[in-house]
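Structure first, commentary second.
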Amino acid sequence: MPPTEGDFDLRQPSQSAFAAGEYTFADVENLEHCAKYLNQSLVTFGFPASLDLFANDPVSIARTCNCIYFLLQQRQRDVEFRESANDQRQRLLSDISRLEAKVERLEGQLQVKDREIATITRTEAKNTAALKAQIEKLQQERDEFQRMVIGNQQVKTQQLHEMKKKEKEYIKLQERLNQVLMEKKKESRSGMEIMNLLQKEGRQRGTWNGKKADNDFYKKIVDAYEAKNQELMAENTDLRALLRSMQVDMRDFLNAPNGLPKQSLTGNERVESDPSQSPLVGKMDVFDLPFHMARDQIEESLRNKMASIKERMVQLQDAQKGAEVTSEATERELELEAQLVEARSIIQEQASIMSKHLAKSDRPRDSIIPAPAEAVCN
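Residue numbers for the sequence shown follow UniProt numbering, so the first one is 1 and each next one is one higher.
Written out as C-alpha cells, the structure reads:
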C-alpha cells in the first residue's frame, strides 16, 4: 500500500532520521508511488511539477535540481522568517513588560493625584468655610457699625438740639439777670427818692394835722417796700432755681458716657444729686450767695461748660470723620468679596482641567493594554 499524506510530513523533517541514514519515505518497492505523491505535493504548493526522477536526460535532471533549489530557498526563507518572528516575539514581550511597568507607574501616579485632589478638595472646603465665616463676621461688623453711625448721628442731632436749647436758655437767663440788675438799680434809686421825700416830709412835719396821718404814711411806704422786696425775692428764687436746673442739665449732658443726656430730674432730685461724681459739677451753694458775691463764679462756671460743649461738638465731628473711614472699610469688604469670587472661578477651572486630564489618561490606558495581546495572537 503506498504512503499517504498523513503518513509523511515534509514541513518538519526529522533531522535525526537523516543523520542515521534511515529513509522511511521511499524505498525500492514504492518509488513510483513516491514520485507520483511528490509531483502532486509540488503542484499543490506551487513548485514546478511533472518531475521525472527516473530520467537520464539533462532537462529532467535540471528540472529536478531547480525544484530542489526552490525547496532549499523556501527552507531558508522559512528559517529566516522563524528567526525574525522569534525576534519580534521577544521585542513584543519586552514591550509588554515595559508597558505593564508603565501602567503600574501610571496607576501609582493616578492614586497619588487622586489623593492630592482629595486633599485640595478638603482644603478648598475649609478655605470656603473660613471665608464664608469671615464674610459673615464682616457683614455683622458692618451692620453693627452702621447702627453705631446712625446712633451717633441721632446723638449728634439731639446734642445739637439740646445745645441750641441751652444756649437760648442761657441768653434768656442773661437777659433776665440784666433785667434784675436794672430793677435793683431802679429800686435803689426809688429808695433814695423815698429817703429824700422822708427828709422833705420831716421838714414839713410841723404842718401835719396829727399822729395818725404820719403812721399811715409810714405804713404805706413800708408795705410798698415789703411787697416789692417779696416780689424781688420770689423772682430771685426762681432765677436761682433756673440757674441751678440749667447747670445740672448741662452737667448731665456733658458727663453722659454715651453722649445722650440723662432723663430730666425734678428740682429736688437735682439738688440732692451727688456733686462729687463729676469733675464738671459746680458748687451748688454758690447760688444761695448774694449776686454780687457769686457773679464771677457763676460766669466762670457757665463759660467752662460752654467750652466743654464746644469740645464735645469737636468730638462729634471727629466721630463723623471716623464714620467716613468706616465707609472706606466697607469698600474694602466689597473688594475682598470680588477676590473671593475670582478665586472660586480659578479653582473651578483647575478642577475641570484636572478632570479632562484624568479622562485623557484613562483612554490611552484602555487602548494600550489590549495591544500586546493582539500582537501575540498575530
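Glycine included, every Cβ here is placed at the ideal spot set by N, Cα and C.
As the structure is a prediction and not an experimental result, all values here were calculated from the model.
Spatial distance of Ala65 from Glu83 (CA atoms): Here residue 65 is Cys; the residue named in the question, Ala, does not match the sequence. Distance between the alpha carbons of Cys65 and Glu83 is about 27 angstroms.
CA-to-CA distance, Leu243 to Leu177, given in whole angstroms: 10 angstroms
Element boundaries [alpha helix (DSSP H), containing Phe45]: Leu31 to Phe45
Residues near Ser94 by beta carbon distance below 7 angstroms, same chain, minus five either side: none
Rounded Cβ spacing between Leu302 and Gln159 (contact assumed at less than 8 angstroms): Actually they are not in contact, since the Cβ atoms of Leu302 and Gln159 sit about 18 angstroms apart, beyond 8 angstroms.
Which listed residue (Tyr69, Val59 and Phe54) has its alpha carbon closest to that of Phe47: Tyr69
C-beta contact flag for Glu235 and Val180 at 8 angstroms: Closer than 8 angstroms, so yes.
With 16 other Cβ atoms within 10 Å as the buried cut-off, status of Arg251: buried
Sub-8 angstroms separation of Glu167 and Phe253 beta-carbons: no
Cβ-based neighbour list, Leu173, same chain, cut-off 8 angstroms, excluding 5 preceding and 5 following: Leu239, Leu242, Leu243 and Met246
Length of the line joining the Cα atoms of Glu226 and Met182: 19 angstroms
Spatial distance of Met313 from Asn229 (CA atoms): Between the C-alpha atoms of Met313 and Asn229 there is a straight-line separation of about 43 angstroms.
Inter-residue Cα distance where the pair is Gln139 and Arg122: 25 angstroms
contact_flag[the segment 331 to 341, the segment 134 to 152] where n(CB pairs < 8 angstroms) is 3 or more: Flag = yes, the segment 331 to 341 and the segment 134 to 152 touch.
With 16 other Cβ atoms within 10 Å as the buried cut-off, status of Asn37: Checking the sequence shown, residue 37 turns out to be Tyr, not Asn. A buried status is given to Tyr37, since no fewer than 16 other beta-carbon atoms sit within 10 Å of its beta-carbon.
8 angstroms Cβ cutoff met for Cys67 and Leu51: yes
Which of helix, strand or coil DSSP assigns to Leu51: coil
Helix, strand or coil at Val222 according to DSSP, with G and I counted as helix: helix
Burial state of Val248 (16 or more Cβ within 10 Å): With 16 or more other Cβ atoms from the protein chains shown falling within 10 Å of its own Cβ, Val248 counts as buried.
Per-residue burial, Lys305 [other beta carbons within 10 Å of its own, 16 or more giving buried]: buried
Cβ-Cβ distance between Leu340 and Leu106 below 8 angstroms: Note that the C-beta distance between Leu340 and Leu106 is not below 8 angstroms.
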